[in-house]
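If you count by numbering that gives the first Met the number 0, then the sequence shown holds residues 0 to 167, one letter each, in order.
Even glycine gets a Cβ: it sits at the ideal position worked out from N, Cα and C.
Here's the structure we're looking at; comments come further down.
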Amino acid sequence: MPDAEHRSKQVDSVPCAVVTVSDTRTEATDASGAWLRERLAQEGHLLHSYRILPDEPDQVRNAVRELAGDPDCRAVFLCGGTGLAPRDTTIEAVEPLLDRRLDGFGELFRMLSFERVGPSAMLSRAMGGLCGTTLVFVMPGSPDAVRLAMERLILPTLRHLAAVAERG
């Protein structure tokens, strides 16, 4: 299907949830979450909800289940917990919930990260997928990483991805 035809099959606005996963961030210190909420609004997307959760897999898993089960939420963006530290368990919490993976997101994110930070890009386990018909993206917690993922990969395709996901 030609790119123009793909773009014609998209939604106008995507209701999004932002979840920061961190044992140390507060709303006042969550630069990634603040930037993400502001940028989504600039793009005309609705903020369904925002929350900060500790690096506790059960809490992260329950939040994603709840958000993906809410018909008023079409995309969930998680920031944090994608590294290799013992408390970085967001991937382990979210991955079993995904019905389909968007492997290209993680692959492209690491490629773009490599261009900026070199071999340490391999430490990221960023991933995306579908939980039912809800898009789920798990990104590193650093503001630079969130901006890279959103600006270069997610925002240019979010409306189209949401339309495709909605069709099931």
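Can you give me the C-alpha to C-alpha distance between His159 and Asp71, rounded to a whole angstrom? His159 and Asp71 have their C-alpha atoms roughly 17 Å apart.
Measuring CA to CA, which of Gln41, Pro95, Gly128, Gly140 is closest to Gly82? Gly140
Which two residues bound the contiguous alpha helix (DSSP H) that contains Gly103? 102–116
CB of Gln58 to nearest heavy atom of the ligand COA: below 6 Å? Within the structure as shown, the ligand COA is missing, as the structure has no ligands at all.
With a cut-off of 8 Å, do at least 3 Cβ pairs link the segment 25–37 to the segment 57–69? no
Determine the DSSP secondary structure at Ser48, reduced to helix, strand or coil. strand
Helix, strand or coil at Ala84 according to DSSP, with G and I counted as helix: Three-state result, Ala84: coil.
In angstroms, rounded to a whole number, what distance separates the CA positions of Trp34 and Asp11? 21 Å
What number of angstroms, rounded off, separates the C-alpha of Pro95 from the C-alpha of Val145? 23 Å
Compare the beta carbon distance of Thr133 and Ala67 with 7 Å and say whether it is the shorter of the two. yes
Among Thr23, Val116, Ala161, Leu122, which residue has its Cα nearest to the Cα of Phe136? Ala161
As assigned by DSSP and simplified to three states, the class of Ala125: Residue state, collapsed to three classes: coil.
Take every Cβ of the segment 91–106, pair it with every Cβ of the segment 121–128, and state whether three or more of those distances are shorter than 8 Å. yes
Beta-bridge pairing of Leu77 - partner residues as DSSP gives them: Val18, Val137
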